[in-house]
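Novice: Below is the structure I would like to discuss, written out as structure tokens.
Protein chains in written order, with this note's numbering: chain P, 9 to 298; chain D, 1192 to 1589.
Structure below.
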């Protein structure tokens, strides 16, 4: 017999997990929505943020939440360089080229991390973040609350940046009609570079929190990229706020599958949902709303 | 004229010198190794190869036979593992192969070694299906029953638990050990109310841990790998899971594990094959020598995976030597296999001998508990190096 407390705790864990998913896929969804580039190196940029936070924690004892700006800046820098050195040269050719090239960048980065930080799994362990708070038999850790807040803040800031700022509007116009944007005087090459760098920055934000809640390793990136891609399609290309809702649906659905059926079907739930959405609503749950 | 004479003498001298040089050169044994150096299993594969290198170097010193060690990275990928074995056996013509980590990699790799009739001694695969194929070239130093017996034996004899919750990774080796331990526990009259599989890459373990809580289990047994332990321990801590003990299978409680998890690794149990000081007294000096050489070479403590790598290289090189491997043209894989099957020695892991299927006849794992950051062997009692702390988990627990 499953107790009510267990069901509530399970739903809560699913909601929190879903918000984590949203944070991890924010950068990929942004780049895909704006530039139509499936950035297969997204997970590696995120892992870079995690390693930066780990390094800052080990060297100077810096809390991962405080290292967020630096982690994001490093990931944005790596993203900037990747675009400037490689992607810019093939941007106008077939879309498949960018997919293959970013996949190659991802392999290069994961091997670079292997050389720099070895194959060991790195946990950004901060005790106060792991400590639970109890509310009537329901437990939640401070780290989970912090991740929840960062995810929401990331989505909201990005949403308002795209809607309200001059630069954000330029990015959206370029995404809708590149030629018209160029005719209107927008430097589309610069916008592309900026958008890809922002994608890296958003990925970098997730790294320290991933390392705090779980771990980072050179091989972590690809799994993140796949999950992020699934969630992006599920939410609907271009729908940034939809990511949180889609993430929550996925997270709670997975948790309920484990609670009421068995954990063997957890992944199956995600893929069935993915297929159903593709069949019933190919544009995703929240359509296209750049 | 005089100059031509001098050049002829010089040429003849060079040819004679070259002939003598090659004729008198130290004999060479070609040994192949494959292991993950990149990808998800790289951490274990790197340790394995480090141990293999120490084993090859020690063999060179003791036997005055040069070892031509060819190492390929299988990238934690079964297809790459097969390609590595095909390259080693087919192109490099090595006399034996060591390495391999993970049953899903070693399975197809050992099939390739069988096709090329090359002896294959692995230390990183315990799936029982591997030896069921009865390949004549397949040998391994550790197997599943040895690990399962250590876990179920400790739960029954040492902890006296009544209910055990078993969570296991869906990969083949972890599934097999989970089923084996469950059968042993049930046969011993211990309840297993929760027996749940989870997929590799799971990040939210709370829903399954809540089942353990609802069932009132005394022991949480997780048959998985490093990432699974990190996830389950962290989530169990958040839920303040009311259990008396947390036990894992492989890759738990290692120095890296303790370094990464700190106090959250305290009191957990894990299986191992070897820890410093657990060698039988006949092999204490060999153990100490390996540890000293390893530490001098890599500036780190060797793990049990490194020890396994070292021993696999040592045993197969000795067998190849007996198989005529040091003189080109005389090598016989059949003699090498016979030498391995005829082996009966006591090393740091205890007595080592292989049966007809290449299984280690006397292998038994040890169970340790992390206490103040150290691995204290607590089971079996005759190899124990300290007393168990029970009930105790890294969080509050029962």
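Virtual Cβ for every residue (Gly too), placed ideally from N, Cα, C.
Quantities reported herein were computed from a predicted structural model and do not represent experimental measurements.
1. If you measure beta-carbon to beta-carbon, which residues of the region 139-163 of chain P are closer than 9 Å to chain D?
2. Quick check on DSSP: helix, strand or coil for residue 1257(D)?
3. How do the region 1437-1448 of chain D and the region 1406-1415 of chain D stand: do at least 3 beta-carbon pairs fall below 8 Å, yes or no?
4. Give me the subset of the region 111-143 of chain P whose CB atoms are less than 7 Å from a CB atom of chain D, sorted by chain position.
5. Taking only beta-carbon positions, decide if residue 96(P) is within less than 7 Å of chain D.
6. Name the residue from 1535(D), 1518(D), 1457(D) and 1510(D) whose alpha carbon lies nearest to the alpha carbon of residue 1561(D).
7. What residue from 292(P), 11(P) and 106(P) has the CA that sits closest to residue 146(P)'s CA?
8. Specify the secondary structure class of residue 27(P) as computed by DSSP and reduced to three states.
9. Does any CB atom of chain P fall closer than 7 Å to the CB of residue 1213(D)?
10. Which residues in chain P sit within 7 Å of residue 1471(D), going by Cβ to Cβ distance?
11. For the region 1534-1547 of chain D, which residues have a beta carbon sitting closer than 9 Å to at least one beta carbon of chain P?
12. Kindly indicate the opening and closing residues of the beta strand (DSSP E) around residue 1286(D).
13. For the putative contact between residue 261(P) and residue 277(P), defined by C-beta atoms under 8 Å, what is the C-beta separation to the nearest angstrom?
14. Let me make sure I understand the geometry here. Which of 105(P), 34(P) and 294(P) has the alpha-carbon closest to that of residue 235(P)?
15. If contact means a Cβ-Cβ distance below 8 Å, which residues of the region 1391-1405 of chain D contact chain P?
16. In or out: residue 200(P) buried (at least 16 other Cβ within 10 Å) or exposed?
17. Closer than 7 Å between beta carbons: that is the criterion. Which residues of the region 1229-1257 of chain D meet it against chain P?
18. Starting from residue 1412(D) and walking both ways along the beta strand (DSSP E), at which residues does that stretch end?
19. Determine, using beta carbons only, whether residue 1459(D) comes closer than 7 Å to chain P.
20. Distance cutoff 7 Å, beta carbons only. Does residue 1386(D) sit that close to anything in chain P?
21. For residue 1518(D), which three-state DSSP category applies?
22. In chain D, which residues lie less than 7 Å from residue 12(P) when you measure between Cβ atoms?
23. For residue 1235(D), count the other beta carbons within 10 Å of its own beta carbon; 16 or more makes it buried, fewer makes it exposed. Which is it?
24. Determine whether the Cβ of residue 1296(D) lies closer than 7 Å to any Cβ atom of chain P.
25. Assign residue 290(P) to one of two classes, buried (16 or more other C-beta atoms within 10 Å of its C-beta) or exposed (fewer than that).
26. State buried or exposed for residue 21(P), treating a residue as buried only when at least 16 other CB atoms are found within 10 Å of its CB.
27. Is residue 1243(D) near residue 1224(D), with beta carbons less than 7 Å apart?
28. Between residue 1318(D) and residue 1274(D), is the Cβ-Cβ spacing less than 7 Å?
29. Quick one: using the 10 Å Cβ neighbour count with 16 as the cut-off for buried, is residue 1520(D) buried or exposed?
30. Using CA coordinates, which residue listed in 1516(D), 1579(D) and 1228(D) is at the minimum distance from residue 122(P)?
31. Of all Cβ atoms in chain P, is any one closer than 7 Å to the Cβ of residue 1477(D)?
32. Which residues in chain P sit within 7 Å of residue 1422(D), going by Cβ to Cβ distance?
Specialist: Taking the structure as given:
1. 139, 140, 142, 147, 148, 149, 151 and 152
2. By 1-based counting over the second chain, the position of residue 1257(D) is 66. Of the three classes helix, strand and coil, the one that applies to residue 1257(D) here is strand, per DSSP.
3. With three or more CB-CB distances shorter than 8 Å, the region 1437-1448 of chain D counts as touching the region 1406-1415 of chain D.
4. Listed in chain order, the positions of the region 111-143 of chain P with a beta carbon within less than 7 Å of a beta carbon of chain D are 119, 122, 127, 128, 129, 130, 131, 133, 138 and 140.
5. Within the first chain, numbered from 1, the residue matching residue 96(P) stands at position 88. It does not: the Cβ of residue 96(P) has no partner Cβ on chain D nearer than 7 Å.
6. Numbered from its first residue, the second chain carries residue 1561(D) at position 370. Nearest C-alpha to residue 1561(D): 1457(D).
7. Your numbering for residue 146(P) matches position 138 in the first chain. Selection 292(P), 11(P) and 106(P) evaluated against residue 146(P) yields 11(P) as nearest (Cα-Cα).
8. As a working note, residue 27(P) is residue 19 in the first chain. Helix, per DSSP.
9. Locating residue 1213(D) in the second chain gives position 22, counting from the first residue. Bear in mind that the predicted position of residue 1213(D) carries a pLDDT of just 47, short of 50, making it unreliable; the figure below should be weighed with that in mind. Closer than 7 Å: no.
10. Start at 1 with the first residue of the second chain, and residue 1471(D) comes out as number 280. Simply none; closest approach about 31 Å.
11. none
12. Residue mapping note: residue 1286(D) aligns to position 95 of the second chain, counting from 1. No beta strand (DSSP E) holds residue 1286(D); DSSP gives it neither H nor E.
13. Here residue 261(P) is taken as the residue at index 253 of the first chain, counted from 1. Here residue 277(P) is taken as the residue at index 269 of the first chain, counted from 1. That belief holds up - the Cβ atoms of residue 261(P) and residue 277(P) are roughly 5 Å apart, short of 8 Å.
14. Mapped onto the first chain, residue 235(P) falls at position 227. Answer by Cα proximity: 34(P).
15. 1392, 1393, 1394, 1395, 1397, 1398, 1399, 1401, 1402, 1404 and 1405
16. As a working mapping, residue 200(P) is identified with position 192 in the first chain. Residue 200(P) is buried by the Cβ-count criterion.
17. 1229, 1230, 1231, 1233, 1234 and 1237
18. One-based indexing of the second chain puts residue 1412(D) at position 221. Run containing residue 1412(D): 1410-1414, per the beta strand (DSSP E) assignment.
19. Start at 1 with the first residue of the second chain, and residue 1459(D) comes out as number 268. Chain P contact via Cβ: absent.
20. The residue you call residue 1386(D) lines up with position 195 of the second chain. Chain P contact via Cβ: absent.
21. Locating residue 1518(D) in the second chain gives position 327, where the first residue counts as 1. The answer is coil: DSSP assigns residue 1518(D) none of H, G, I, E or B.
22. The residue you call residue 12(P) lines up with position 4 of the first chain. Those within 7 Å of residue 12(P) in chain D number zero; the least Cβ separation is about 11 Å.
23. For this step, residue 1235(D) is matched to residue 44 along the second chain. Buried is the call here.
24. Within the second chain, numbered from 1, the residue matching residue 1296(D) stands at position 105. Not one chain P Cβ lies under 7 Å of residue 1296(D).
25. Taking the first residue of the first chain as position 1, residue 290(P) is located at position 282. It is exposed - the Cβ of residue 290(P) has fewer than 16 other Cβ atoms within 10 Å.
26. Position 13 of the first chain, counting from 1, holds the residue named residue 21(P). Buried.
27. Against the second chain, residue 1243(D) aligns to sequence position 52. Against the second chain, residue 1224(D) aligns to sequence position 33. Yes, the pair counts as a contact, with Cβ atoms nearer than the cut-off.
28. What you label residue 1318(D) is simply residue 127 of the second chain in a count that begins at 1. What you label residue 1274(D) is simply residue 83 of the second chain in a count that begins at 1. Cβ distance not < 7 Å, so residue 1318(D) and residue 1274(D) don't count as in contact.
29. Within the second chain, numbered from 1, the residue matching residue 1520(D) stands at position 329. The residue is exposed, with fewer than 16 neighbouring Cβ atoms inside 10 Å.
30. Counted from its first residue, the first chain places residue 122(P) at position 114. Of 1516(D), 1579(D) and 1228(D), the residue nearest in Cα terms is 1228(D).
31. What you label residue 1477(D) is simply residue 286 of the second chain in a count that begins at 1. Taking Cβ atoms only, chain P never reaches closer than 7 Å to residue 1477(D), which makes this a no.
32. Here residue 1422(D) refers to the residue found at position 231 of the second chain. Near residue 1422(D) (Cβ distances below 7 Å), the residues of chain P are 222.
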